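Just so you know, the protein sequences line up as chains A and B, in that order. The first sequence begins at 1201 in the working numbering and counts up by one. The second sequence begins at -5 in the working numbering and counts up by one. We put the CB at the ideal spot given by N, CA and C, even for glycine. Just so it is clear, the structure is predicted and the values come from calculations on it, not from any experiment.
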Amino acid sequence: MSIQYIFSILWPMLEGAKATILLFLLAIILSVPIGFLLTLAVTSQIRLLAWIARGYIYVMRGTPLLLQLLFICFGLPLLPVVGKYLVLDRFVAAVLGFVLNYAAYFAEIFRGALLAVDKGQYEASQVLGLNKWQTTRRIILPQMIRVALPAVANESITLVKDTALLYAVAVPEILHFAQTAVNRDFTIVPFFLAGVIYLLMTLILTMFFKYLEGRMKFD
Amino acid sequence: MAVIEVSKVRKSYENIMVLKDISFTVSKNEVVSIIGPSGSGKSTLLRCLINLDQVNEGSIRICENDLVNDGAYSPLKEVKRITSKMGMVFQSFHLFPHLTVKENLELAPKLLKKGSVLEIETRSKHLLEKIGLANRALVYPEKLSGGQKQRVAIARALMMEPEILLFDEPTSALDPELTGEVLEVMRTLAEEQMTMIVVTHEMEFARDVAKKVLFMDHGEIIESGTPDDIFENPKMDRTKAFLNRW
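See the structure below:
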């Protein structure tokens, strides 16, 4: 097993990693704020809104992400009448699927964090004269983020690994190139390389979240 | 001049009357202590004054403005304006854990433009010196003892320059050896003519500092008067029974 061989397959795999990283970044950047909006909807006084948000979360968490991806990529175009307008680029469809799915998980994480903020914080804010927006933005949100951070870190690591589901909707990513190389060259090395690339990505994420947690210790 | 006028206030939680026909007044510069057993409605009464809880019937006037008149609350904007004349100190402090001591003091006045940034920072510096915590301005509340936290909470309330300060059992969550430093700050405020209503279990404080004492039990004011009236010559059996336990 030569170093040259490793480099020769590493290059296409890193190309594949670009798709993985792009999907990861888009999914996290979009699903975190949507998740927060869902949390607000679930905890809203408007019953219908809360009810719809709860239903959404139930469906998204209650069915496999793979099913949701297949549904968006291959299912939507089969719909009568509107189907022909719903033929999305595979990668775009995958991003959509990941965002819709992960937003539901983040919503539940944020809801838990919201419950963890002491009721007294709202009362202290009220008697000092802060309005609802000031209270949410300056008092509740910072405390919520601190509570949610470990769970958000955990979820992002899951997201890195879930990007491998791109394989199922035929978007070339790390796993696709590894599998191709294994079949072509009849060697297990590409699988190890794929594993190492995933480990590196999760290591960077873990360190990033550790750093964030350290900055938010407030002591 | 009466700065707080409460008349015929009633409140119930799910069919249980927690405040029954409460009436009293507080004059400017007066310190009033509310004493009584747990569950007597003292804290609820205090919370109703600053609109953390709402009454069902009766009237509350703050500095000659109607907070609630015969069970009908003023519009929310007016309620906010009226309650902003009061500050409140809670039993469990409720400091903002993600902000330093200095930021805890300055956040609300800065957001609500209670003076220029320079004025606000001068005021917080002055208040921290007054409560003896000038050297702790940049630490987070977690690093403070209970007594220090409560002193910061008092300073935070004072930053908004309230005309009336409400205290809800300010020393009940503290270790006995830490209550002294908090009571000392409150004593100083009383000497400076701050109008205060203090719900407390500290009988000594009520006796020494208050001008008027209200004894509550089961949602009613059983007896009220000067500390001498209440502590030396209580007239009602329930007051006597309560005071005998201390």
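From the listed residues 234(B), 157(B), 207(B) and 35(B), the smallest Cα separation to residue 76(B) is found for 157(B). Your pair residue 1390(A) and residue 1382(A) checks out as a contact, with CB atoms roughly 5 Å apart and the cut at 8 Å. Of all residues in the segment 1327 to 1338 of chain A, only 1327, 1328, 1329, 1330, 1334 and 1338 place a beta-carbon less than 8 Å from a beta-carbon of chain B. Proximity to residue 1302(A) across 1401(A), 1238(A) and 1214(A) peaks at 1238(A), based on C-alpha coordinates. Between the alpha carbons of residue 1373(A) and residue 1384(A) lies a gap of roughly 17 Å. According to the DSSP assignment, residue -1(B) belongs to the beta strand (DSSP E) that extends over -4 to 7.
Per DSSP, residue 1328(A) is not a residue of any alpha helix (DSSP H), being assigned neither H nor E.
Judged by DSSP in its simplified three-state form, residue 197(B) adopts helix. Near chain B, meaning a CB-to-CB distance below 8 Å, the residues of the segment 1340 to 1355 of chain A are 1342, 1343 and 1346. Residues of the segment 0 to 25 of chain B with a C-beta less than 9 Å from any C-beta of chain A: none at all.
In the assembly as shown, residue 1229(A) is an exposed residue. Its beta-carbon has fewer than 16 other beta-carbons within 10 Å.
Excluding five sequence positions before and after residue 21(B), the CB atoms of its chain that fall closer than 6 Å to its own CB belong to -4, given in chain order. Under a criterion of Cβ atoms nearer than 7 Å, no residue of chain A is adjacent to residue 216(B); the nearest Cβ is some 28 Å distant.
Shortest Cα-Cα distance from residue 160(B) to any of 1370(A), 1209(A) and 1327(A) involves 1327(A).
Of the residues 234(B), 200(B), 133(B) and 102(B), the one whose Cα lies closest to the Cα of residue 152(B) is 102(B).
Looking from the CA of residue 235(B), the closest CA among 216(B), 221(B), 107(B) and -2(B) belongs to 216(B). Nearest Cα to residue 222(B) within the set 173(B), 184(B) and 199(B): 199(B).
Distance from residue 1227(A) to residue 1292(A) at the Cβ level is roughly 12 Å; contact not present, criterion being Cβ atoms closer than 8 Å. When beta bridges are read from the DSSP output, residue 53(B) appears opposite 1(B). Look at residue 1418(A): its C-beta is under 8 Å from a C-beta on chain B.
Judged by their CB atoms, residue 28(B) and residue 210(B) are nearer to each other than the 8 Å cut-off.
For residue 78(B), a Cβ of chain A is located within less than 8 Å of the residue's own Cβ.
Residue 21(B) carries a strand assignment under DSSP once its states are collapsed to helix, strand and coil.
Restricting attention to 1400(A), 1394(A), 1413(A) and 1402(A), the CA atom closest to the CA of residue 1216(A) is found in 1394(A).
The C-alpha of residue 65(B) lies about 10 Å from the C-alpha of residue 2(B). Between residue 144(B) and residue 225(B), the gap from beta carbon to beta carbon reaches 8 Å or more.
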